[in-house]
Amino acid sequence: MQPILPLLALIVLPFAFSDPTPLVIPWNTTHSYGPDGPWPVITVQVGSVSDAAGTQPLSTVNLHPGGVWESMILRKNFCNDNGTNAGDGTSPCLAEQAGLYELIASETVKHDITDAVGLVWQWGSSAVDTVSGIAVNVLDTMTIPTLQGTLTVPNSTISAVSAWQVELPDGTYYSAEVGTLSLGAPGTGTQPFNATVTGQTVPGFAYAQGAVASNSWGLHYGSASLSQEGSLVFGGYDQSRVLGDVGVFDLDSVMIANLLDVQIGVENGSSPFSEGSFTGLLKLNASFNGVQPAVINPIVPYMFMSPETCAAVAENLPVTFNSQVGLYIWNTTDPKYERIVNSPAYLAFVFQNAGSANLTIKVPFQLLNLTLEAPIVTTTQQYFPCRPFYASDHSGNYFLGKAFLQAAFIGINRQVENFFLAQAPGPGVGGSTIIPIGPNDTPISTDPIENFAVSWARDWTVLSDDNNSRTTITHSTGATSDNGSSRNTTAHPTGAIPDNETGSNATAHPTDAINAPKSTLASGPSSRTKAGIAVGATVGALAVAGVVILRWLRRRRTAVPPQENDVPRKQNIWVHEKDGRARFHEIGDRFPHEVQKTARRARLHELGEGLPHEADGDHEIHELDVIRNLEQNWISTSNLNHVSADQPVPEER
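Numbering (mature numbering (1 follows the signal peptide of the UniProt record, and there is no 0)), first residue to last: -18 to -1, 1 to 635.
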């Protein structure tokens, strides 16, 4: 965890609106944040205040890029004066280190634009995370640094967040540390709230002003742990971050593509796995006709896949499933750990790509060696970011978040409602080649796929070819029932527990679906097998028994995640989706009755259509009393075990 970046010293340059140019957004190369990353950030300024020198930006905040519609920005009253979380009054407020939005002090903020109160969740994220919290929609000036000069966006759409807590599988909670930067919205990227007030998104505003050629963007997250700066371009993309074939998909309310398989392979040299490589690790849902829909979501951190698929991958890794946090912990003392994460081995995602060959995105295991830290765990641990889950909306979708996007390029052209997906390079990527996206552009230019291995050469330790054989094991896809689970089995975590965990987190009952037999090696019977046959039936029987015992011991070391019934029940949570269509999720018993009634009265308008309510023209621009009261009620009357009953959300200073 690192302190907030000092105020950026920016040179303000005029935009040549007569000659649209892609806007390249610089990343904060000195600061990154967890607690499950490190994840890189972009630094922006929000709000305005006047002084003797004129109007100045007010608050400097670090944000994760990837949102849609509103930017979710943590506000000043997210933290208490004593540096603790407003939610519980005791835990350190880590969000303060990334910067907080001083909404009350801003001279350009507009409050009374909607009566909807609650977290605005994006890209279908509420199907993944159990979240709770409060926020209010406002409009305010946002100042964005670009390599072409400073872009100032008036009336930028903001979800000002006073509380945002994430529930872990064991029922405990932690507060968010960093908000999100919106990457625009459908159509023109504007959001009308009433007859006189229209919110702006950054790429939509840049397009409307003629600064860029289209309402579009290109994003590669890069890797904070490997000091690879990300790439974010409004109105274009960096061609050096796009390698090989590009998948072009229709953009609905979410970015969704069909997975065909998940595989383990090695780019060059010998494999760190004794079996070589693996295919067929994707455990298909029988209802999807041989494909697995996956939502590409820059907001969520992990690769959210079914327990069967996560277990099929983890079976081949020195990891143990920790049921308290719902993630796999690397066994860093196992010699195989260093061999795997430093080698050219990768986890591959094979996507269906209309009109061309399948699209494969390779995520090197070096990028899947991430860090858990407080408040998720008390002692820092390295983890493998596969989260076993079933989508709470019963869609059956997987979600591929920031862990996946370290190795993948995504882009959107809102003019034609398409999104792009391609392989991204490693830390050794060369110089940038910035390409504009025109209003009607669907194909985009790429660099050779051979650049992938070249860009990783300095970071990989290539294993000698005589260390391991290069064979391939193909697993059965093991199609499951419609809900993604095998009904005739019961799965529980199993295996050794790390020193800082208790044995209560694991039991030993692997599922039949996960333990489905593998096919024979592609290379045929080994010499050891032939010798065993020659010795005779007795020795052969002993050999079979030995294999069974070894496989049993191996299963003991490999954690099997929970079945659907063992995954903590998804609570009805106070969030509403803003992913191209608005819909409201009813508040469950976790929130006070008064707030429930108010929230049910707040009917969200279709985004870009209709008006929520007319603002009182004589109403002064200040914090709405109803919002203030709701914030205090949410904290003081909630029955969440992480919220102190006598700890209200503080007023802003």
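Note that beta-carbon positions come from the ideal geometry of N, C-alpha and C, so glycine has one too.
Small disclaimer: the values here were computed from a predicted structure and weren't measured.
Apply the 10 Å Cβ neighbour rule to residue i and answer buried if 16 or more other Cβ atoms are within range, or exposed otherwise.
i: P4; result: buried
i: E399; result: exposed
i: S427; result: exposed
i: G412; result: exposed
i: D243; result: buried
i: P407; result: buried
i: E297; result: buried
i: T139; result: buried
i: E432; result: exposed
i: N197; result: buried
i: P421; result: exposed
i: P39; result: buried
i: D423; result: buried
i: G65; result: exposed
i: N395; result: buried
i: L335; result: Note on identity: in this sequence residue 335 is Asn, with Leu being the wrong assignment. Buried, because 16 or more other Cβ atoms sit within 10 Å of the Cβ of N335.
i: P430; result: exposed
i: N250; result: exposed
i: G153; result: exposed
Out of curiosity, what's the CA-to-CA distance linking residue i and residue j?
i: T353; j: G36; result: 44 Å
i: T302; j: F434; result: 30 Å
i: F187; j: S269; result: 42 Å
i: K344; j: G218; result: 24 Å
i: W146; j: G81; result: 15 Å
i: Q363; j: N351; result: 10 Å
i: N379; j: S88; result: 41 Å
i: S157; j: C75; result: 8 Å
i: A167; j: L233; result: 11 Å
i: L133; j: T415; result: 21 Å
i: E457; j: N267; result: Residue 457 is actually His in this sequence, not Glu. The straight-line gap from Cα to Cα measures roughly 15 Å.
i: T172; j: L129; result: 24 Å
i: I417; j: D220; result: 6 Å
i: I455; j: Y328; result: 15 Å
i: Q245; j: W438; result: 19 Å
i: K58; j: V224; result: 38 Å
i: A294; j: L264; result: 8 Å
i: A390; j: Y83; result: 31 Å
i: V135; j: I392; result: 24 Å
i: G272; j: P151; result: 30 Å
i: A373; j: V118; result: 27 Å
i: P2; j: S252; result: 48 Å
i: A276; j: A34; result: 53 Å
Who are the near neighbours of residue i in its chain, counting only those whose CB is closer than 8 Å to its CB and skipping five residues on each side?
i: N10; result: L(-14), P22, V23, I24, T25, N44
i: V179; result: K92, I95, L121, N137, A597
i: P254; result: V248, K318, R321, I322, S325, A327, L445, N450
What span of residues does the beta strand (DSSP E) with residue i cover, start to end?
i: P39; result: 36 to 49
i: residue 641; result: Residue coverage of the chain in this structure runs from -18 to 635, which leaves residue 641 outside it and unanswerable.
i: I7; result: 5 to 7
i: N10; result: 10 to 15
i: P317; result: It is not in any beta strand (DSSP E) - P317 instead sits in the alpha helix (DSSP H) that spans 317 to 324.
i: P435; result: Note that residue 435 is Ala in the sequence shown, not Pro. Careful: A435 lies outside any beta strand (DSSP E), inside the alpha helix (DSSP H) at 433 to 438.
i: N119; result: 113 to 128
i: Q27; result: 21 to 33
i: L76; result: Neither: L76 is in no beta strand (DSSP E) and is coded neither H nor E.
i: P418; result: 416 to 418
i: D220; result: 218 to 220
i: N400; result: 400 to 405
Going along the chain, which residues of its own chain have a beta-carbon closer than 6 Å to the beta-carbon of residue i, five neighbours each way excluded?
i: S207; result: P20
i: F231; result: A239, F401
i: E149; result: T112, Y155
i: L409; result: Note that residue 409 is Pro in the sequence shown, not Leu. Closer than 6 Å at the Cβ level, and outside the excluded window around P409, lie L208, Q210, D441.
i: G383; result: N279, V282, P283, Y284
i: L201; result: L214, I392
i: V436; result: none
Which same chain residues end up closer than 7 Å to residue i when comparing Cβ atoms and leaving out the 5 residues on each side of it in sequence?
i: T314; result: Q364
i: N67; result: C61, S73, C75, S157
i: V323; result: F347, Q348, N351
i: G212; result: W9, P22, H202, Y203, G204
Within the present structure, is the beta-carbon of residue i separated from the nearest heavy atom of the ligand FAD by less than 8 Å?
i: W9; result: Absent from the structure shown: the ligand FAD. Ligands present: none.
Could you give the residue range of the alpha helix (DSSP H) that holds residue i?
i: F60; result: F60 -> no alpha helix (DSSP H), and no H or E assigned at all.
Q: Taking only runs that begin and end inside the stretch 131 to 215, name each unbroken beta strand (DSSP E) of 3 or more residues, in chain order.
A: 131 to 149, 155 to 157, 161 to 164, 172 to 174, 180 to 182, 198 to 202
(Q) Just to confirm the assignment: which complete beta strand (DSSP E) runs, minimum length 3, are found wholly within the stretch 344 to 390? (A) 352 to 354, 363 to 366, 368 to 370, 380 to 382
Q) Which runs of the beta strand (DSSP E) spanning at least 3 residues fall entirely within the stretch 230 to 311, listed in chain order? A) 238 to 248, 259 to 261, 274 to 278, 285 to 287, 301 to 304
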